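The structure appears right after this line, and notes come after that.
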Amino acid sequence: MSEKNSQNIAKLIIGDRSIDLTVMIDSFDRPAVDIRNLFAKYGVMTFDPGYTSTASCQSAITYIDGNKGVLLYRGYPIEQLAADGSYLEAAYLLLNGELPNRRQFEQFQRETLHRMPVHEQMIEILRRYKRDTHPMVLIESMVTALGAFDTDCDVTTREGRNRVAINLIAKIPTITALALRYIQGKPFIYPREDLGYTENFIRMCFAPSDGAPFEINPIIAGALDRIFILHADHEQNASTSTVRLAGSTGVEPYAAISAGIVALWGAAHGGANEAVLGMLERIGSKDAIPAFLEQVKDKESHDRLMGFGHRVYKNYDPRALIIKKESEKVLANLDVQTEQLDVAKELERIALQDPYFTSRQLYPNVDFYSGITLSAMGFPVHMFTPLFALARTSGWIAQWKEMVDGGPLTIGRPRQHYTGPTQRDYVALDKRD
82 MSEKNSQNIA KLIIGDRSID LTVMIDSFDR PAVDIRNLFA KYGVMTFDPG
132 YTSTASCQSA ITYIDGNKGV LLYRGYPIEQ LAADGSYLEA AYLLLNGELP
182 NRRQFEQFQR ETLHRMPVHE QMIEILRRYK RDTHPMVLIE SMVTALGAFD
232 TDCDVTTREG RNRVAINLIA KIPTITALAL RYIQGKPFIY PREDLGYTEN
282 FIRMCFAPSD GAPFEINPII AGALDRIFIL HADHEQNAST STVRLAGSTG
332 VEPYAAISAG IVALWGAAHG GANEAVLGML ERIGSKDAIP AFLEQVKDKE
382 SHDRLMGFGH RVYKNYDPRA LIIKKESEKV LANLDVQTEQ LDVAKELERI
432 ALQDPYFTSR QLYPNVDFYS GITLSAMGFP VHMFTPLFAL ARTSGWIAQW
482 KEMVDGGPLT IGRPRQHYTG PTQRDYVALD KRD
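Right, here's the structure in full:
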């Protein structure tokens, strides 16, 4: 970690008190005021709902400059990794801090593929649920249960934590595919070590139940692998912060990742691409776009422009540009004529020429085109968020591992700005008016 030393001091004036606070400077010269001892020493708290101005940790994994539309994994631009790398390379990078050489990558890939199968008793967990259960429930339950079957990973050692990381990255595609097949009432397909990571996942999801030959489309596999790269990590978002907060208690990593899966499920987080697809379906045609956008501008309307804007990015989300190209490539390869893509592109064109949206810094984000792409590949809408969880597992476990490796753990314990009654005396029930 390359935090720069600084002797800068920030002064906090409260009434007649002056409090000196150290200012830390990060790798990109951004200042952060160190308030760790502010309450313990001075009895003063900061108020920051949503923690949008609070750094909850130091991390060397992911960097975002929302104003410039920059996303870096360990210093590498997301555009370069998506263009020339693979998801397993990105996962190795997130976990270890450096890109692997050929020998390291082959060993990492070999161990990951070897660990992809799950214990047969894990499948019994699925069979306890109704077929119409949302797949996120199934996946969360199975990830939690993984800890009961992982007997060779001692998380008190760095080597053991490395094995846990690989185990999770390896098994989450299998678990996700099992959930899909179970909901569809289809026999399970097991992974093969002679196929790649993403190719294995596609086969486990879509191979015919009768064992007929199944050819994996390299365009589809390449596009899905890039989507996985784009979703692998994204700084201290809601689900990643949840993993760190849960992990700070010393809970086993499978439970911490399970907590992240639950947090990701929300429509404001991992479920956003489902909402985009629903919006495009409601619009229906390019001719209906102007009227829809007028409704979006109407404060009395409930219509929202889904897939535009981001808590962090105040420019075009760099991941959206990549997914847009992948969407066009996939649909062209499959020879699919979809009005949804035409509507999306026209909606983007009109919105980006409208000062109402550009003045509010509303640009397409990663969710805008991802749903169209995944749908064209054959994934049902309820599988979009599980696919997001699959990809984000590498980032989650890298963040957990960074926190634990850096030890000792400091348990998360946010303060609150209390607005309730002050102390008052209890009155017995029979004496109350």
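Under this note's numbering, think of the first position of the sequence shown as 82, with each following residue one higher.
Note that beta-carbon positions come from the ideal geometry of N, C-alpha and C, so glycine has one too.
Values in this document were obtained by computation on a predicted structure and should not be read as measured data.
Under 7 angstroms Cβ to Cβ from residue i, same chain only, skipping five residues before and after it: list those, please.
| i | result |
| --- | --- |
| R196 | I247, N248, A251, K252 |
| L415 | A457 |
| L361 | Q421, V424, A425 |
| L326 | G493 |
| A136 | A113 |
| E274 | L194, H195 |
| L345 | S320, G351, T466, F469, A470, R473 |
Where does residue i fall in DSSP's three states?
| i | result |
| --- | --- |
| S475 | helix |
| I100 | strand |
| F389 | strand |
| D398 | coil |
| M113 | The displayed chain sequence assigns Ala, not Met, to residue 113. A113 falls in the strand class under three-state DSSP. |
| V199 | coil |
| P371 | helix |
| P445 | strand |
| A353 | helix |
| K252 | helix |
| K410 | helix |
| L547 | There is no way to answer for residue 547, as the model of the chain reaches only from 82 to 514. |
| V125 | coil |
| V485 | helix |
| F269 | coil |
| E192 | helix |
| F460 | coil |
| L180 | coil |
Relative to the C-alpha of residue i, which candidate in the options has its C-alpha closest?
| i | options | result |
| --- | --- | --- |
| S290 | D275, P268, K122, K482 | P268 |
| P299 | A288, E316, E280 | E280 |
| A288 | D110, G459, L207, Y499 | G459 |
| E296 | G487, D306, F309, L276 | L276 |
| H315 | L169, K410, L153, D384 | L153 |
| F465 | M105, V393, F309 | F309 |
| T491 | G331, A344, L471 | G331 |
| V462 | G359, L174, F449 | G359 |
| D530 | R392, V393, I370 | Here the chain comprises residues numbered 82 to 514, so residue 530 is not present and cannot be evaluated. |
| Y437 | K380, A337, D368 | K380 |
Leaving out the 5 sequence neighbours to the left and right, which residues in its chain are closer than 6 angstroms to residue i when beta-carbon positions are compared?
| i | result |
| --- | --- |
| A260 | P216, L219, I220 |
| D110 | none |
| Y173 | P181, F189 |
| Y278 | L169 |
Considering only their Cβ atoms, is the gap separating residue j from residue i smaller than 9 angstroms?
| i | j | result |
| --- | --- | --- |
| G341 | S320 | yes |
| S408 | I453 | yes |
| M484 | G328 | yes |
| V224 | Y335 | yes |
| Y271 | T257 | no |
| T133 | I116 | no |
| N89 | I100 | no |
| I159 | L311 | yes |
| V104 | A121 | no |
Give the DSSP bridge partners of residue i, in chain order.
| i | result |
| --- | --- |
| D146 | V151 |
| M360 | None, per the DSSP bridge assignment. |
| L422 | Its beta-bridge partners do not exist; DSSP assigns none. |
| M105 | A113 |
| Y157 | Y154 |
Could you tell me if the beta carbon of residue i falls within a distance shorter than 8 angstroms of some heavy atom in the ligand PLP?
| i | result |
| --- | --- |
| T237 | The ligand PLP is absent from the structure shown, which contains no ligand whatsoever. |
With a CB to CB cut of under 8 angstroms and the five nearest residues on each side skipped, what residues in its chain are close to residue i?
| i | result |
| --- | --- |
| L102 | I90, A91, K92, L93, V114, D115, I116, L119 |
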